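Reviewing the structure listed below.
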Amino acid sequence: MNPDRRPLIAANWKMHKTLGEAVAFVESIQEQTGPCADREVLIAPPFTALRGISGKLSLHGYSLGAQNCHWEQKGAFTGEISAAMLKDMGCAYVIVGHSERRQLFGETDETVRLKTSAAIGAGLAPVVCVGEALEERERGDAFEVIGRQLEGAFQGLGPERMNGVVIAYEPVWAIGTGRTATPGQAQEVHAFIRSRISSIFGKAIEKSVRILYGGSVKPSNVDALMAEPDIDGALVGGASLEVGSFKSLIQFNV
Ligand code: 13P
2 MNPDRRPLIA ANWKMHKTLG EAVAFVESIQ EQTGPCADRE VLIAPPFTAL RGISGKLSLH
62 GYSLGAQNCH WEQKGAFTGE ISAAMLKDMG CAYVIVGHSE RRQLFGETDE TVRLKTSAAI
122 GAGLAPVVCV GEALEERERG DAFEVIGRQL EGAFQGLGPE RMNGVVIAYE PVWAIGTGRT
182 ATPGQAQEVH AFIRSRISSI FGKAIEKSVR ILYGGSVKPS NVDALMAEPD IDGALVGGAS
242 LEVGSFKSLI QFNV
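In my numbering, the protein residues as written are 2 to 255.
Shown next as structure tokens:
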């Protein structure tokens, strides 16, 4: 972490928790951790729990986000939800281009670009996910893949639209596998992402953009990851589902 950027610990609940479970979780986590001054906590529940918990995330430092959106504002897109609808639910963030959406639901660099732009247009901060698969890392192609994903997501955007945008580096081989990138491996990629952002958008955005690490983040490894200078937070799946483990992540110590 870097004192100039406020750390962000984000819970991506994926397809977990009923409304009742979601409400109980946010009440309990806020009661146990209290307001957050020097860090920010983001909860991204399934769509069905957004409305139910938006009014309950009332403590300072807690924000609401969604896990996906469509790029059109409205229309005949059965089953889809627009960025403006998420804003209307109280969301401040939306995750875009998660590897599960890329792998299982046909998300491409082009749809990630459209969604990123739609989110910014609706006043949401996109959390744009990038990351290489295991074969790509083993072939030595990780930087090339991530560079292409970044160019794809941000093509055509000017630096004036980048304020608040978050990037998440999630190596596909570390998601849900228990196999975390070492802090050194993650830092190397985060530094690469920051330098690529600098060449696209310039120094000011390079310094302000927050880059989260995701992939088997746990209470046992969060401190070492957060000690790296270009890691500004975590995007957490499994360990965000239990109040006890998520509380330890929020209370990371470097
Ligand atoms: P895990 O923390 O379960 O590995 O999931 C990471 C992730 O995909 C967060 O978006």
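Cβ atoms here follow ideal geometry from the backbone N, Cα and C, with glycine treated the same way. No experiment lies behind these values; they were computed from the predicted model shown.
query	result
Between which two residues does the beta strand (DSSP E) containing Ile168 stretch?	167-170
Quick one, which of Arg195, Pro230, Pro172, Arg103 has its alpha-carbon nearest Leu236's?	Pro172
Pull the bridge partners of Leu213 from the DSSP assignment, please.	Ala169, Gly234
What are the uninterrupted segments assigned as alpha helix (DSSP H) that are 4 or more residues long and contained completely in the stretch 11-55, given in chain order?	20-34, 48-55
Following the continuous beta strand (DSSP E) through Pro127, name the residue where it begins and the one where it ends.	126-131
Is there contact between the stretch 188-205 and the stretch 144-163, where contact requires at least three CB pairs shorter than 8 Å?	yes
Determine the extent of the alpha helix (DSSP H) in which Ala85 is found, giving its start and end residues.	84-89
Check whether the Cβ atoms of His71 and Pro47 lie closer than 9 Å to each other.	no
In angstroms, rounded to a whole number, what distance separates the CA positions of Lys116 and His61?	28 Å
At the level of alpha carbons, what is the spacing between Pro36 and Ile30?	10 Å
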